[in-house]
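Participant: Quick note: the sequence shown uses my numbering, first residue 669, plus one each step.
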Amino acid sequence: MHIILVDDHPLFREALRSTIRIGLSHARIEEADSIEAAKTVLAERPGIDVIVLDLSMKGVSGFDGMMSLRIRFPRIPILVCSGLEEGRIVREALRLGAAGFVPKSATRATYMEALECIMRGSIFVPDLAQVQEAEAEASETADASARIAALTPAQMNVLSMIKRGKLNKQIAFELGIGDSMVKAHVSEIMRKLGVRNRTQVALCASALDFDRVGM
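#1: By the 10 Å Cβ neighbour count, where 16 or more other Cβ atoms means buried, how is Leu679 classified, buried or exposed?
#2: Can you confirm whether the stretch 787-794 touches the stretch 824-837 when touching is taken to mean that 3 or more C-beta pairs between the two stretches lie within less than 8 Å?
#3: Do Ala812 and Cys872 have their C-beta atoms closer together than 7 Å?
#4: Which of the three DSSP states is assigned to Pro771 in this structure?
#5: Would you kindly check if the distance between the Cβ of Arg681 and the Cβ of Ile697 is under 7 Å?
#6: At what residues does the beta strand (DSSP E) containing Ser750 begin and finish?
#7: Please state the DSSP three-state secondary structure of His670.
#8: Could you say which of Lys860, Tyr779 and Pro742 lies nearest to Gly691 if we only look at CA atoms?
#9: Can you give the Cα-Cα distance for Gly694 and Leu673, rounded to whole angstroms?
#10: Is DSSP giving Leu721 helix, strand or coil here?
#11: Jot down the residue ranges of each uninterrupted beta strand (DSSP E) in the stretch 680-709, minimum 3 residues, whole runs only, in chain order.
#12: Looking at Val709: is its Cβ nearer than 7 Å to the Cβ of Leu747?
#13: Helix, strand or coil for Phe841 per DSSP?
#14: What's the gap between the Cα of Ala706 and the Cα of Ala852?
#15: On the CB-based measure, 16 or more other CB atoms within 10 Å of its CB, does Ser848 come out buried or exposed?
#16: Can you say whether Leu835 is buried or exposed, counting buried as having 16 or more other CB atoms within 10 angstroms of its CB?
#17: Tell me which same chain residues have a C-beta within less than 6 Å of the C-beta of His670, skipping the five on either side of it?
#18: Which residue from Ala782, Leu819 and Glu754 puts its Cα closest to that of Ser736?
#19: Provide the residue(s) that pair with Phe741 in DSSP beta bridges, ordered along the chain.
#20: Less than 7 Å between the beta carbons of Lys831 and Ala767, yes or no?
Quick look at the structure:
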(Lines of atoms letter the chains of each structure in order from A and count residues from 1; the text may use other names and numbers.)
(Lines give C-alpha, C1' and ligand atoms only; values in the text may rest on other atoms or scores of the structure.)
Protein backbone atom coordinates (compact mmCIF):
# COMPACT_ATOMS: atom_id res chain seq x y z
CA MET A 1 0.00 0.00 0.00
CA HIS A 2 1.24 3.47 -0.93
CA ILE A 3 -0.17 6.27 1.27
CA ILE A 4 0.24 10.04 1.52
CA LEU A 5 -0.38 11.83 4.83
CA VAL A 6 -1.61 15.41 4.29
CA ASP A 7 -1.51 17.38 7.55
CA ASP A 8 0.25 20.60 8.56
CA HIS A 9 1.18 19.29 12.04
CA PRO A 10 4.49 17.39 11.82
CA LEU A 11 4.02 15.71 15.20
CA PHE A 12 0.69 14.23 14.15
CA ARG A 13 2.14 13.07 10.82
CA GLU A 14 4.95 11.36 12.74
CA ALA A 15 2.47 9.69 15.12
CA LEU A 16 0.24 8.55 12.27
CA ARG A 17 3.22 7.27 10.28
CA SER A 18 4.27 5.18 13.30
CA THR A 19 0.71 3.90 13.76
CA ILE A 20 0.49 2.80 10.12
CA ARG A 21 3.95 1.23 10.21
CA ILE A 22 2.92 -1.04 13.09
CA GLY A 23 -0.12 -2.36 11.24
CA LEU A 24 1.27 -2.18 7.69
CA SER A 25 5.00 -2.67 7.98
CA HIS A 26 5.61 -2.69 4.23
CA ALA A 27 3.51 0.38 3.41
CA ARG A 28 5.17 3.23 1.51
CA ILE A 29 4.31 6.52 3.19
CA GLU A 30 4.65 10.02 1.73
CA GLU A 31 3.99 13.27 3.59
CA ALA A 32 2.75 16.75 2.67
CA ASP A 33 2.10 19.77 4.91
CA SER A 34 -0.33 21.55 2.55
CA ILE A 35 -2.82 20.87 -0.24
CA GLU A 36 -0.44 22.28 -2.86
CA ALA A 37 2.44 20.16 -1.57
CA ALA A 38 0.16 17.12 -1.72
CA LYS A 39 -0.73 17.86 -5.34
CA THR A 40 2.96 17.98 -6.22
CA VAL A 41 3.68 14.64 -4.54
CA LEU A 42 0.61 13.00 -6.09
CA ALA A 43 1.57 14.24 -9.56
CA GLU A 44 5.14 12.96 -9.20
CA ARG A 45 4.17 9.59 -7.67
CA PRO A 46 1.13 8.31 -9.60
CA GLY A 47 1.01 4.97 -7.73
CA ILE A 48 -0.37 6.34 -4.45
CA ASP A 49 -3.37 4.31 -3.25
CA VAL A 50 -4.88 6.42 -0.46
CA ILE A 51 -4.83 10.06 0.64
CA VAL A 52 -5.11 10.53 4.43
CA LEU A 53 -6.24 14.12 4.84
CA ASP A 54 -6.76 16.54 7.72
CA LEU A 55 -9.59 18.98 6.94
CA SER A 56 -8.28 21.82 9.12
CA MET A 57 -5.06 23.23 7.70
CA LYS A 58 -3.70 26.73 7.25
CA GLY A 59 -4.97 28.43 4.12
CA VAL A 60 -7.85 25.96 3.68
CA SER A 61 -11.50 26.89 4.11
CA GLY A 62 -14.05 24.23 5.00
CA PHE A 63 -14.08 21.30 2.58
CA ASP A 64 -12.30 23.24 -0.18
CA GLY A 65 -9.03 21.35 0.29
CA MET A 66 -10.68 17.95 0.07
CA MET A 67 -12.68 18.96 -2.99
CA SER A 68 -9.55 20.37 -4.64
CA LEU A 69 -7.80 17.00 -4.29
CA ARG A 70 -10.89 15.14 -5.49
CA ILE A 71 -11.04 17.33 -8.60
CA ARG A 72 -7.36 16.88 -9.43
CA PHE A 73 -7.08 13.18 -8.48
CA PRO A 74 -10.60 11.73 -8.69
CA ARG A 75 -9.54 8.07 -8.67
CA ILE A 76 -7.56 8.19 -5.41
CA PRO A 77 -9.76 7.57 -2.34
CA ILE A 78 -9.52 10.09 0.48
CA LEU A 79 -9.61 9.05 4.13
CA VAL A 80 -10.39 12.12 6.22
CA CYS A 81 -8.58 12.06 9.56
CA SER A 82 -9.74 15.06 11.55
CA GLY A 83 -10.18 16.53 14.99
CA LEU A 84 -13.55 17.85 13.78
CA GLU A 85 -15.72 14.96 14.92
CA GLU A 86 -19.23 16.49 14.77
CA GLY A 87 -21.72 14.17 13.09
CA ARG A 88 -22.73 16.75 10.51
CA ILE A 89 -19.14 17.28 9.40
CA VAL A 90 -18.61 13.52 9.12
CA ARG A 91 -21.76 13.21 7.04
CA GLU A 92 -20.86 16.14 4.83
CA ALA A 93 -17.35 14.83 4.14
CA LEU A 94 -18.79 11.48 3.07
CA ARG A 95 -21.50 13.09 0.97
CA LEU A 96 -18.89 15.20 -0.83
CA GLY A 97 -16.90 12.12 -1.78
CA ALA A 98 -14.59 11.10 1.06
CA ALA A 99 -14.01 7.33 1.16
CA GLY A 100 -13.97 7.34 4.94
CA PHE A 101 -13.70 9.42 8.11
CA VAL A 102 -11.60 8.67 11.20
CA PRO A 103 -11.42 10.98 14.23
CA LYS A 104 -7.86 11.90 15.21
CA SER A 105 -8.59 10.42 18.62
CA ALA A 106 -9.32 6.98 17.12
CA THR A 107 -7.44 3.84 18.13
CA ARG A 108 -4.74 2.17 16.02
CA ALA A 109 -7.18 -0.65 15.26
CA THR A 110 -9.70 1.85 13.86
CA TYR A 111 -7.10 3.40 11.54
CA MET A 112 -6.15 -0.04 10.24
CA GLU A 113 -9.79 -1.02 9.79
CA ALA A 114 -10.44 2.19 7.84
CA LEU A 115 -7.48 1.71 5.48
CA GLU A 116 -8.32 -1.94 4.86
CA CYS A 117 -11.97 -1.05 4.24
CA ILE A 118 -11.07 1.63 1.72
CA MET A 119 -8.60 -0.64 -0.09
CA ARG A 120 -11.45 -3.15 -0.54
CA GLY A 121 -13.42 -0.41 -2.27
CA SER A 122 -15.83 0.21 0.61
CA ILE A 123 -16.74 3.35 2.55
CA PHE A 124 -15.60 3.55 6.18
CA VAL A 125 -18.02 5.26 8.58
CA PRO A 126 -16.89 5.64 12.23
CA ASP A 127 -20.28 5.92 13.91
CA LEU A 128 -23.19 5.18 11.62
CA ALA A 129 -25.82 6.06 14.21
CA GLN A 130 -24.31 9.51 14.74
CA VAL A 131 -24.14 10.19 11.01
CA GLN A 132 -27.73 9.02 10.44
CA GLU A 133 -28.98 11.29 13.23
CA ALA A 134 -27.16 14.25 11.71
CA GLU A 135 -28.58 13.35 8.29
CA ALA A 136 -32.12 13.63 9.59
CA GLU A 137 -31.40 17.07 11.06
CA ALA A 138 -29.77 18.66 8.00
CA SER A 139 -31.82 17.85 4.90
CA GLU A 140 -31.44 21.33 3.40
CA THR A 141 -27.66 21.33 3.57
CA ALA A 142 -27.59 17.72 2.39
CA ASP A 143 -29.59 18.67 -0.70
CA ALA A 144 -27.13 21.46 -1.51
CA SER A 145 -24.18 19.10 -1.07
CA ALA A 146 -25.75 16.50 -3.34
CA ARG A 147 -26.16 19.11 -6.08
CA ILE A 148 -22.60 20.35 -5.63
CA ALA A 149 -21.29 16.78 -5.83
CA ALA A 150 -22.95 16.49 -9.27
CA LEU A 151 -20.79 19.28 -10.74
CA THR A 152 -17.94 18.47 -13.10
CA PRO A 153 -14.33 19.23 -12.04
CA ALA A 154 -14.28 22.34 -14.27
CA GLN A 155 -17.55 23.55 -12.77
CA MET A 156 -16.22 22.93 -9.26
CA ASN A 157 -13.22 25.13 -10.02
CA VAL A 158 -15.51 27.94 -11.16
CA LEU A 159 -17.83 27.44 -8.17
CA SER A 160 -14.88 27.72 -5.78
CA MET A 161 -13.90 31.05 -7.33
CA ILE A 162 -17.48 32.39 -7.27
CA LYS A 163 -17.53 31.47 -3.59
CA ARG A 164 -14.45 33.67 -3.11
CA GLY A 165 -16.14 36.60 -4.87
CA LYS A 166 -14.24 36.40 -8.17
CA LEU A 167 -15.72 38.06 -11.26
CA ASN A 168 -15.99 36.26 -14.61
CA LYS A 169 -12.95 38.03 -16.06
CA GLN A 170 -10.86 37.14 -13.00
CA ILE A 171 -11.99 33.52 -13.23
CA ALA A 172 -11.16 33.40 -16.94
CA PHE A 173 -7.68 34.82 -16.29
CA GLU A 174 -6.87 32.46 -13.40
CA LEU A 175 -8.14 29.35 -15.20
CA GLY A 176 -6.73 30.33 -18.57
CA ILE A 177 -10.05 30.05 -20.41
CA GLY A 178 -12.25 32.46 -22.35
CA ASP A 179 -14.99 34.65 -20.88
CA SER A 180 -17.61 32.77 -22.91
CA MET A 181 -16.49 29.47 -21.39
CA VAL A 182 -16.78 30.93 -17.88
CA LYS A 183 -20.29 32.19 -18.67
CA ALA A 184 -21.22 28.73 -19.95
CA HIS A 185 -19.92 27.11 -16.77
CA VAL A 186 -21.77 29.63 -14.57
CA SER A 187 -25.03 28.98 -16.44
CA GLU A 188 -24.65 25.23 -16.07
CA ILE A 189 -23.75 25.59 -12.37
CA MET A 190 -26.91 27.63 -11.77
CA ARG A 191 -28.98 25.05 -13.64
CA LYS A 192 -27.58 22.13 -11.64
CA LEU A 193 -27.88 23.95 -8.31
CA GLY A 194 -31.39 25.13 -9.11
CA VAL A 195 -30.63 28.84 -8.53
CA ARG A 196 -31.07 32.00 -10.59
CA ASN A 197 -28.12 34.26 -9.79
CA ARG A 198 -24.51 34.34 -8.54
CA THR A 199 -25.54 35.33 -5.01
CA GLN A 200 -27.64 32.19 -4.70
CA VAL A 201 -24.75 30.16 -6.15
CA ALA A 202 -22.45 31.50 -3.42
CA LEU A 203 -25.04 30.74 -0.72
CA CYS A 204 -25.45 27.20 -2.00
CA ALA A 205 -21.66 26.79 -2.02
CA SER A 206 -21.63 27.55 1.71
CA ALA A 207 -22.49 23.85 2.14
CA LEU A 208 -18.72 23.42 1.81
CA ASP A 209 -18.08 25.51 4.94
CA PHE A 210 -17.83 24.08 8.44
CA ASP A 211 -19.78 26.92 10.02
CA ARG A 212 -22.78 26.20 7.79
CA VAL A 213 -22.53 22.46 8.44
CA GLY A 214 -22.44 22.98 12.19
CA MET A 215 -25.55 25.14 12.32
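Positions of the beta carbon are idealized from the N, C-alpha and C atoms, including for glycine. Bear in mind the structure is a predicted one, so any value in this text is a computation, not a measurement.
Facilitator: According to the data block:
#1: The residue is exposed, with fewer than 16 neighbouring Cβ atoms inside 10 Å.
#2: Contact fails: fewer than three Cβ-Cβ distances are below 8 Å.
#3: The criterion of a C-beta distance shorter than 7 Å is satisfied by Ala812 and Cys872.
#4: Pro771 falls in the strand class under three-state DSSP.
#5: Judged by beta-carbon spacing, Arg681 lies beyond the 7 Å limit of Ile697, meaning their Cβ atoms are not closer than that value.
#6: Note, Ser750: beta strand (DSSP E), Ile746 to Ser750.
#7: Here His670 sits in strand by DSSP.
#8: Distances from the alpha-carbon of Gly691 to those of Lys860, Tyr779 and Pro742 put Tyr779 closest.
#9: Rather than Gly, the amino acid found at residue 694 in this sequence is His. Distance between the alpha carbons of His694 and Leu673 is about 16 Å.
#10: Looking at Leu721 - three-state DSSP - the assignment turns out to be strand.
#11: With a minimum length of 3 residues, the continuous beta strand (DSSP E) runs that stay inside the stretch 680-709 are 696-700.
#12: Taking a C-beta distance under 7 Å as the contact criterion, Val709 and Leu747 do not qualify as a contact pair.
#13: Look at Phe841 here: in three-state DSSP terms it is helix.
#14: Inter-residue distance for Ala706 and Ala852 is about 30 Å (C-alpha atoms, whole angstroms).
#15: Taking all protein chains shown into account, Ser848 has fewer than 16 neighbouring C-beta atoms within 10 Å of its C-beta and is therefore exposed.
#16: By the 10 Å Cβ count, Leu835 comes out exposed.
#17: Non-local beta-carbon contacts of His670 in its own chain, meaning distances under 6 Å to residues more than five positions away in sequence, involve Arg696, Gly715, Ile716 and Asp717 in chain order.
#18: Comparing Cα-Cα distances from Ser736 to each of Ala782, Leu819 and Glu754, the minimum goes to Leu819.
#19: Paired residue(s): none; Phe741 is not in a bridge.
#20: With a cutoff of 7 Å on beta-carbon distance, Lys831 and Ala767 are scored as not near each other.
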